[in-house]
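K.L.:
Before we start, here is the structure in question, set down as structure tokens.
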Amino acid sequence: MKVLLREDVDNLGYAGEVHTVANGFGRNFLLPKGLAVKATPDVMKQAEAWRKRAEARRAELRAEYDLLAEKIRAVTLTFTARAGDSGKLYGSITTAQIADKLNEKLGTEIDRRKVGGEPLRQLGEHHISVRLSGDHHPEFLVVVQPEGGLPTPAVVPAAVVAAELEFETDGEEEALEA
Numbered sequence: 009m010k011v012l013l014r015e016d017v018d019n020l021g022y023a024g025e026v027h028t029v030a031n032g033f034g035r036n037f038l039l040p041k042g043l044a045v046k047a048t049p050d051v052m053k054q055a056e057a058w059r060k061r062a063e064a065r066r067a068e069l070r071a072e073y074d075l076l077a078e079k080i081r082a083v084t085l086t087f088t089a090r091a092g093d094s095g096k097l098y099g100s101i102t103t104a105q106i107a108d109k110l111n112e113k114l115g116t117e118i119d120r121r122k123v124g125g126e127p128l129r130q131l132g133e134h135h136i137s138v139r140l141s142g143d144h145h146p147e148f149l150v151v152v153q154p155e156g157g158l159p160t161p162a163v164v165p166a167a168v169v170a171a172e173l174e175f176e177t178d179g180e181e182e183a184l185e186a
């Protein structure tokens, strides 16, 4: 089914564009919600006007998202949670918790589904991205600290441990040869 988009649709296209979509998607989603109309010759005459209006609206949104992205990049959120000796949390910090705290701090209404991807299950610093639009994905810092103010366990990267083990092994071989 060929449809002319009346509004921007995520993962499909922008207003004023003609797209071929599955019949069910068009009949059950796009048409009833008013996001698109069937692409007939009469409707195609209106396409240019819709494109111009949508472009103006996108420019306004782009300016708003630029300002919001700068605010988001400046944010650092801190959470405390119970954790084991290895730094793994007993539970997790969910994206809903992160989104609520971010909205509280900024005074915005960012949907929790657009914040991050996976719940945080480890102590330390995490960079979380926010999907504002297709072009705007600002990141901010979330710090997860252990309850009780205990110091964070030192997590040594595996490459460093492997290099140290290799270095120690070389020294032992030289001592055995001598």
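Residue numbers (the numbering used here): 9 to 186.
Yeah, the Cβ is synthetic: ideal placement off N, Cα and C, and Gly gets one too.
Looking only at its chain, what residues have a beta carbon closer than 7 Å to the beta carbon of His144, apart from the 5 residues adjacent to it on each side?
P.N.:
Tyr73, Ala77
K.L.:
Nearest to Ile80 by alpha carbon, out of Leu13, Lys113, Val45?
P.N.:
The residue with the shortest Cα to Cα distance from Ile80 is Lys113.
K.L.:
Of all the options Leu131, Gly34, Leu43, which has the alpha carbon lying nearest to the alpha carbon of Gly99?
P.N.:
Leu131
K.L.:
Would you list the one or two residues that DSSP bridges to Leu20?
P.N.:
Answer is none; Leu20 lacks a bridge partner.
K.L.:
Does DSSP put Lys79 in a helix, a strand or coil?
P.N.:
Looking at Lys79 - three-state DSSP - the assignment turns out to be helix.
K.L.:
Can you check which of these residues, Asp50, Arg121, Asn36, Arg90, is closest to Gln153 by C-alpha distance?
P.N.:
Arg90
K.L.:
Looking at the structure shown, is Ala162 part of a helix, part of a strand, or coil, going by DSSP?
P.N.:
Any reading at Ala162 must be qualified, since the residue scores a pLDDT of 47, below 50, and its modelled position is unreliable; the value itself is stated next. It is coil, neither helix nor strand.
K.L.:
Do you know how far the Cα of Ala30 is from the Cα of Gly125?
P.N.:
28 Å
K.L.:
By the 10 Å Cβ neighbour count, where 16 or more other Cβ atoms means buried, how is His134 classified, buried or exposed?
P.N.:
buried
K.L.:
By how many angstroms is the C-alpha of Pro146 removed from the C-alpha of Asn111?
P.N.:
15 Å
K.L.:
Report the three-state DSSP secondary structure of Val11 (helix, strand or coil).
P.N.:
strand
K.L.:
On the criterion of 16 or more Cβ atoms from any shown chain inside 10 Å, does Gly42 qualify as buried, or is it exposed?
P.N.:
exposed
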